[in-house]
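According to the working numbering, the sequence shown is numbered sequentially starting from 200. Backbone N, C-alpha and C fix where the C-beta goes; we use that ideal spot for every residue, glycine too.
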Amino acid sequence: MSRRRPGSTTPPPAPDSACPCGGDRTYGECCGPLHEGAAQASTAEQLMRSRYSAFAVGDHAYLRRSWHPDTCPPDLEPDAGTTWTGLEILATFEGTPFHREGTVEFVAHYRDASGPGQMHERSRFVRRDGAWVYLEPLPHG
């Protein structure tokens, strides 16, 4: 029987499947424990990867839990017609276990009704009560 993630209505991916974040570990070794609430991200990049994976697997509850409450939209419902197909981390600034803030620049690839596309963002992450959370996108340049 599949274990459900807290607040999710869909079962998680198989623990031995490839992790959607593109890392070299399985979902059960990488983003799965964060989605289940069994672990916390130790870096801003790890949180970014887990959030990408949450979009990819439809874990809306994790997206809400990992988003700063001051900037999380009240109607957070990712588009069901979007399939996330890959993640590239371009750069990180700070965001280690020793920092209180960090920035991750990435490109997230997807496919929707219009065809393939990509989202390029510099995201700002902060610690809230000791845990990394997504705060906001930053302007490019």
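Using three-state DSSP, classify Arg323 as helix, strand or coil.
-> The DSSP-derived three-state label of Arg323 is strand.
Paired residues, beta bridge with Arg310 - DSSP | Answer is Thr282 and Pro315, bridged to Arg310.
Quick one: residues in its chain with C-beta nearer than 7 Å to the C-beta of His267, no 5 flanking neighbours on either side, listed in chain order?
-> Closer than 7 Å at the Cβ level, and outside the excluded window around His267, lie Val325, Arg327, Val332, Tyr333 and Leu334.
Roughly how many whole angstroms lie between the Cα atoms of Gly222 and Asp278?
-> Distance between the alpha carbons of Gly222 and Asp278: 24 Å.
How close, in whole Å, do the beta carbons of Thr291 and Gly280 come, if the pair is a contact with beta carbons under 8 Å?
-> Between Gly280 and Thr291 the Cβ distance is about 30 Å, and since that is not below 8 Å, they are no contact.
Ordered along the chain, which non-local residues of its own chain (more than five positions away) have a Cβ less than 7 Å from that of Pro214?
-> If the five residues before and after Pro214 are omitted, its C-beta is found closer than 7 Å to the C-beta atoms of Thr225, Tyr226, Gly227 and Gly231, all from its own chain and listed in chain order.
Flag this pair as yes or no: are the beta carbons of Ala330 and Tyr251 separated by less than 8 Å?
-> In terms of Cβ geometry, Ala330 and Tyr251 do not form a close pair [threshold 8 Å].
For Gly285, which residues of its own chain have a beta-carbon under 8 Å away from its beta-carbon, when the five flanking residues on both sides are left out?
-> Listed in chain order, the non-local C-beta contacts of Gly285 below 8 Å within the same chain comprise Gly221, Ala307 and His308, local neighbours out to five positions each way being set aside.
If we call anything under 8 Å between Cβ atoms a contact, is Ser322 one with Pro336?
-> Inclusion of Ser322 and Pro336 in the CB contact set at 8 Å is warranted, their separation being smaller than that value.
Arg264 classed as buried or exposed, judged by whether at least 16 other C-beta atoms fall within 10 angstroms | With a threshold of 16 other beta carbon atoms within 10 Å, Arg264 meets it and is buried.
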